[in-house]
Structure formats: structure tokens, C-alpha cells
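Here is the structure we will look at, set down as C-alpha cells.
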Amino acid sequence: MKAVISNYAGGPDSLTVEERPTPEPQAGEVLLSVRACGVNYPDVLIIRDLYQIKPERPFIPGTEVSGVVEKVGSGVLNLNVGDRVIGFSTHGGMAQQIALSADSCVLIPNEMPFDEAAVFTTTFGTSYHALKNRADLRLGETLLVLGAAGGTGIAAVEIGKALGAKVIGAVSTEKKASFVLSCGADECFVYPANLLSPDGKRDMANQCKEACGPRGADVIYDPVGGDYSEAALRAMSYGGRHLIVGFPGGVPRIPMNLPLLKSCQIVGVYYDSFTKREPGLNRTNTNELFDLYRSGAISPKISARYDINSVSEAFRSIEAREAIGKIAVVFD
Numbered sequence: 001m002k003a004v005i006s007n008y009a010g011g012p013d014s015l016t017v018e019e020r021p022t023p024e025p026q027a028g029e030v031l032l033s034v035r036a037c038g039v040n041y042p043d044v045l046i047i048r049d050l051y052q053i054k055p056e057r058p059f060i061p062g063t064e065v066s067g068v069v070e071k072v073g074s075g076v077l078n079l080n081v082g083d084r085v086i087g088f089s090t091h092g093g094m095a096q097q098i099a100l101s102a103d104s105c106v107l108i109p110n111e112m113p114f115d116e117a118a119v120f121t122t123t124f125g126t127s128y129h130a131l132k133n134r135a136d137l138r139l140g141e142t143l144l145v146l147g148a149a150g151g152t153g154i155a156a157v158e159i160g161k162a163l164g165a166k167v168i169g170a171v172s173t174e175k176k177a178s179f180v181l182s183c184g185a186d187e188c189f190v191y192p193a194n195l196l197s198p199d200g201k202r203d204m205a206n207q208c209k210e211a212c213g214p215r216g217a218d219v220i221y222d223p224v225g226g227d228y229s230e231a232a233l234r235a236m237s238y239g240g241r242h243l244i245v246g247f248p249g250g251v252p253r254i255p256m257n258l259p260l261l262k263s264c265q266i267v268g269v270y271y272d273s274f275t276k277r278e279p280g281l282n283r284t285n286t287n288e289l290f291d292l293y294r295s296g297a298i299s300p301k302i303s304a305r306y307d308i309n310s311v312s313e314a315f316r317s318i319e320a321r322e323a324i325g326k327i328a329v330v331f332d
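In this text, residue positions in the sequence shown follow UniProt numbering: the first is 1, and each later residue adds one.
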């Protein structure tokens with residue numbers, strides 16, 4: 001089988017496409033014929049050895065795949081050959097075939113194509129867990145979404161609207177702002193160009209306050225970090241919830257007097273840990289997300305599709321934060 005290989009720590013250009021033996025499913029596993037694989041920001045980190053998980057090299061990146069069950073290992077009772085599924089693993093997804101735990105697989109709704117399935121569960125699962133379980137977002141509240149044009153950001157926009165919130169997006173370009181508004185956000189603004197300066201932080205804080213209104217944001221969805229976090233927090237309402245989802249912009253250094261003065265919560269969101277610690281609740285969330293998909297309230301926004309020989313380009317787009325919505329690697 002063809003597979004994308006990380007032989008050493010490095011950027012997108014470190015990846016190669018090589019022939020590898022087709023794996024055999026062990027007890028409790030299934031072999032998938034991979035039809036698509038989502039590209040997520042942790043994939044960019046893992047090939048540089050900057051992620052919590054560091055697979056032994058050489059390894060195949062890619063955590064979220066969709067495909068068809070080709071073989072079933074002993075002891076697997078919930079899946080059959082020919083089933084269309086979404087599967088998860090710490091790595092191994094960017095290959096024509098993958099063997100992975102049957103317990104990590106969920107059946108794909110008949111209405112959902114393979115490319116959408118491969119980018120659905122991590123982004124929407126993260127955002128739904130954050131807004132529903134961690135923030136308890138309520139009808140009529142104001143949700144501020146940083147990085148709103150990214151994969152989890154645009155999922156948060158759609159889920160926020162589905163839950164009845166007023167949704168305000170924040171992005172880096174006018175093109176991204178137009179995209180976010182087209183996906184249902186009530187408002188969207190562009191970060192100030194001088195954000196790294198003291199004046200820039202104040203300008204962004206004022207933008208957030210103006211967009212959120214006198215009360216401020218009840219919930220902030222923050223997959224960006226860095227200086228963006230403090231500026232957004234200054235627009236937090238009394239008793240609000242600031243969701244820390246990621247920090248590609250750098251680890252935030254938040255003055256701790258701000259949570260005190262606003263009596264607000266700083267809430268961590270670690271979706272991978274949630275799926276392992278609370279699998280029952282995660283299955284419930286996934287089924288509810290599939291219902292929202294069937295109703296048309298949410299849908300993956302794929303801006304680019306790459307074949308296996310163009311994976312480095314896909315990684316570069318994610319790393320440079322140029323991507324709008326989601327990116328998928330598709331297999332014939």
C-alpha cells in the first residue's frame with residue numbers, strides 16, 4: 001500500500017510517500033480501505049515532535065479517517081465487511097489502508113460522503129463537547145469565536161447557532177470574515193494588524209467589546225491563544241466561560257486579576273482525553289451531531305482536497321493558517 005511517512009522530525013517537506021506492507025487486523029481490530037483522511041493542526045505538530053503524542057519513527061501521520069471495512073479481526077462483533085465507518089487512531093491514517101480498534105469506529109450516516117466524514121468528528125466533536133459539556137452554552141447567550149474560519153472555529157460557529165446563541169466571529173482577513181458570515185455568524189470582525197503592540201491589544205479588546213455589546217461575551221471559544229486570549233477575555237461578561245481549545249498563536253499569559261474581576265471561568269477543552277475517559281457521553285454527542293447534520297444545521301466546510309502525493313502542500317496550508325474550513329486527503 002502507499003503511505004505518507006515521517007522518517008524524521010521536520011516540517012511538511014520532511015514527508016515522503018512510500019510503499020509499505022498492508023497491515024493485518026489483530027484481535028479487536030478491523031482493516032479499513034481508507035477513502036479520506038482529515039488534516040488537523042495536531043498533525044502538523046506531531047511530525048515536528050511538538051505534540052503530546054510522539055510515535056516511534058518511521059510512522060504514518062493522520063488521526064481521523066473514513067473508509068470501508070475490508071477485514072475483521074477476531075472478537076469484533078459490532079462491525080462487518082463492507083461497513084462505511086469513521087475511524088480514529090493516534091497516527092496511521094494517511095495511507096491506503098489502516099488497521100485500528102473496532103471500538104474507535106462509528107458507522108457513517110448514509111447521507112454523508114467519505115470526504116465529509118473524514119473531517120467531521122474531531123472538529124465538530126471538539127466544538128460540541130466544548131460548548132455543550134464544558135461551557136453549557138444556553139439559548140440567547142453571546143458566543144465569541146476566535147479563529148472562526150478554521151476547522152474547529154467554523155464548527156463552533158454552526159453549533160453555537162444551532163444551540164440558539166448569538167455568534168460573533170473573529171478572523172485575520174476580510175476573506176475569512178465573509179466566509180464566517182456566510183456560515184451563519186451574526187457578526188464577524190478582523191483582528192487589528194498591530195495586535196502584538198500594546199495599542200493592538202487594546203484595539204482588539206475594544207473590537208470584542210463593541211461586537212459583544214454592553215454585557216460582553218458569555219462564552220469565548222479560543223482555539224488560537226497568544227495575545228488574542230487576553231484581548232478577548234477583557235470582553236468577557238460577569239460569570240462567563242473562556243474555553244481554551246488550543247494555542248497555535250502561543251501559550252497565553254493571562255493576567256489573573258481579569259478572571260477575578262469578572263468572576264469568570266477559564267475552562268480547558270481536551271477532546272482526545274474526553275473521548276477516552278467518557279466514551280458513553282462521547283457516543284451520545286456523536287449521535288446528536290449526526291442528527292444536526294441530517295437536519296442541515298451543521299455541515300463540514302471543505303475548502304481543499306489533496307491526493308496522497310500532495311500531502312506536504314496540505315500540511316503547509318494548515319501550518320501557515322491559510323486554510324479556510326477543513327482540508328482532506330482523498331484516496332481513489
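Glycine included, C-beta positions come from ideal geometry on N, C-alpha and C.
These figures come from a predicted structure and were not determined experimentally.
The C-alpha of Asp332 is placed about 31 Å away from the C-alpha of Asn285.
Burial check for Lys175: the Cβ neighbour count within 10 Å stays below 16, so the residue is exposed.
Within the same chain, and ignoring the five residues on either side of Gln207 in sequence, the residues whose Cβ sits closer than 6 Å to its Cβ are Phe189. If the five residues before and after Leu181 are omitted, its C-beta is found closer than 7 Å to the C-beta atoms of Cys188, all from its own chain and listed in chain order. Put simply, the backbone Cα of Thr142 is about 31 Å away from that of Glu64. A distance of 8 Å or more separates the beta carbons of Val4 and Arg134. Contact between Ala130 and Tyr221 holds, with the beta-carbon distance rounding to 6 Å and staying under 8 Å. Taking 8 Å as the cut-off, the beta carbon of Pro248 is found no closer than this to the beta carbon of Glu230. Under the three-state reduction of DSSP, Gln97 is assigned to strand. Scanning the stretch 25-71 from its first residue to its last, the whole alpha helix (DSSP H) runs of 4-plus residues come out as 41-47. Sequence-distant partners of Arg215 (beyond 5 residues in either direction) whose C-beta falls short of 6 Å from its own C-beta, in its chain, are Ser237.
Look at Asp218 here: in three-state DSSP terms it is strand. A straight line joining the alpha-carbon of Leu107 with that of Thr121 spans about 12 Å. When C-beta atoms of the stretch 198-206 are compared with those of the stretch 153-164, fewer than three pairs fall below 8 Å, so the two segments do not count as touching. In this structure, the alpha-carbon of Gly151 lies about 12 Å from that of Ala118. In this structure, Leu243 lies near Val269, with their beta-carbon atoms less than 8 Å apart. When the beta-carbon positions are compared, Leu15 and Gln97 stay at least 8 Å from each other.
In this structure, the alpha-carbon of Phe274 lies about 20 Å from that of Val39. Every alpha helix (DSSP H) of 4 residues or more that sits fully in the stretch 202-289 is shown, in chain order, as 227-233, 257-262, 271-277.
Of the other Cβ atoms in all chains shown, fewer than 16 fall within 10 Å of the Cβ of Lys54; this residue is therefore exposed. Taking 8 Å as the cut-off, the beta carbon of Phe88 is found no closer than this to the beta carbon of Ile298. Burial of Tyr191 is indicated by the presence of at least 16 other C-beta atoms within 10 angstroms of its C-beta. When only Cα atoms are considered, Pro61 and Ser303 end up about 21 Å apart.
Measuring C-alpha to C-alpha distances from Asn194 to each of Leu258, Glu322, Ala205 identifies Ala205 as the nearest. In this chain, Tyr128 is not harboured by any beta strand (DSSP E); it is covered by the alpha helix (DSSP H) spanning 121-128.
In the DSSP assignment, Phe88 forms a beta bridge with Glu64.
Only residues of its own chain outside the window of five on either side were considered, and among them Ser263, Cys264 have a CB closer than 7 Å to the CB of Gly239, listed in chain order. Between Val72 and Pro21, the gap from beta carbon to beta carbon reaches 8 Å or more. In the DSSP annotation of this structure, Val311 is not part of any beta strand (DSSP E); the continuous alpha helix (DSSP H) holding it starts and ends at 311-319. Contact annotation: Met112 and Tyr293 have beta-carbon atoms nearer than 8 Å. Of the residues assessed, Val85 falls on the buried side of the cut-off, its CB having 16 or more other CB atoms within 10 angstroms. Leaving aside the five residues that flank Ala156 on each side, the residues in its chain whose CB is nearer than 6 Å to its CB run, in chain order, Ser127, Val145, Tyr221. Going by beta carbons, Pro12 and Ser312 fall inside the 8 Å limit. With respect to the 8 Å criterion, Cys37 and Met1 are not classified as neighbours on the basis of their beta carbons. In the three-state scheme derived from DSSP, where H, G and I count as helix and E and B as strand, Ser197 is classed as coil.
In the three-state scheme derived from DSSP, where H, G and I count as helix and E and B as strand, Tyr306 is classed as strand.
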